[in-house]
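The sequence shown runs 1 to 212 under my numbering.
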Amino acid sequence: MDEFVQIHRDQQISQCKKALKYRGFHVDVAENKEELLDLVNAYIKDKDHVSDGGSQTLKECGIIASLNKRNIRFHSHSDASMTREESDLESRNAFFSDVFLMSANAITMQGEIINVDGHGNRVSAMIFGPKKVLIIAGYNKIVWDEDAAKKRIQTISAPTNCLRLHRQTPCAVTGACQDCHSKDRICSSYVKLSHDNEQRIHVILVKEILGY
Ligand code: SF4
Numbered sequence: 001m002d003e004f005v006q007i008h009r010d011q012q013i014s015q016c017k018k019a020l021k022y023r024g025f026h027v028d029v030a031e032n033k034e035e036l037l038d039l040v041n042a043y044i045k046d047k048d049h050v051s052d053g054g055s056q057t058l059k060e061c062g063i064i065a066s067l068n069k070r071n072i073r074f075h076s077h078s079d080a081s082m083t084r085e086e087s088d089l090e091s092r093n094a095f096f097s098d099v100f101l102m103s104a105n106a107i108t109m110q111g112e113i114i115n116v117d118g119h120g121n122r123v124s125a126m127i128f129g130p131k132k133v134l135i136i137a138g139y140n141k142i143v144w145d146e147d148a149a150k151k152r153i154q155t156i157s158a159p160t161n162c163l164r165l166h167r168q169t170p171c172a173v174t175g176a177c178q179d180c181h182s183k184d185r186i187c188s189s190y191v192k193l194s195h196d197n198e199q200r201i202h203v204i205l206v207k208e209i210l211g212y
């Protein structure tokens, strides 16, 4: 990576970390995927009940594969072999987990964590239920403010996720949001986390590009 791009990235991560901490979120920074896996594995204890919100970031960094080797109870609603009823049951069980793993669609330089869900299981468990929430975000998720977060979701996260999930939405064709109301829409609930008074939310910012 170009030296100046690297300096700029480090500056942004450092400012974002400061802003997140000011709002009560616990924050770590991982240099790379290997360091991230060590942090996550140290955070999760044997026999913990762990669940996830379904995330390309988690897949890319190998966390799920790594946790599957541990003596934990891992439950995911996003197993493709499940029926909708089975998946919904796992989403409800996630409220009782010790650790809930997810990523973020965007994190602002003001320290706000911004997500949009179609079904709502991920954002609801983020807000309430699991004892701890671990949010893993590559530096590509850092944006300036809430408007930039919405732009990121409308032009990157949602269209790419629609392609990944084979959704028949306008953004999957044009590459940007058309504010559709199709049955395949994946953006129903916009949620901005602004503060954590309960020491539930732990963010790990990774100095690599992860997810979309
Ligand atoms: S509202 Fe529809 S078109 Fe816009 S990003 Fe969401 S799914 Fe795509």
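From the three backbone atoms N, C-alpha and C, an ideal C-beta is built for every residue, glycine too.
| Asked | Found |
| --- | --- |
| Cβ pair D184, T169 closer than 8 Å | yes |
| Best match in I186, E90, T108 and M109 for proximity to F100 [C-alpha to C-alpha] | E90 |
| Exposed unless 16 or more other CB atoms sit within 10 angstroms - verdict on N32 | exposed |
| Terminal residues of the alpha helix (DSSP H) in which L89 lies | R84 to N93 |
| DSSP three-state assignment for M109, whether helix, strand or coil | coil |
| Residue from E112, V116 and L134 with nearest C-alpha to I142 | E112 |
| Rounded C-alpha distance that separates P130 from H49 | 9 Å |
| Given Y190 as reference, the closest of H202, S157, E208 and G175 once Cα atoms are compared | S157 |
| Where T57 falls, given that 16 or more other Cβ within 10 Å makes a residue buried | buried |
| Heavy atom of the ligand SF4 within 7 Å of I156 beta-carbon | no |
| Reduced DSSP secondary structure (H/G/I, E/B, other) of S55 | coil |
| C-beta neighbour in chain C for Q12, strict 8 Å | The chain labelled as chain C is not found in the depicted structure, where only one protein chain is given. |
| Proximity of V12 and Y139 at Cβ, strictly below 8 Å | The residue asked about is misnamed: residue 12 is Gln in this sequence, not Val. Yes. |
| Environment of F25 [buried if 16+ CB atoms lie within 10 Å] | buried |
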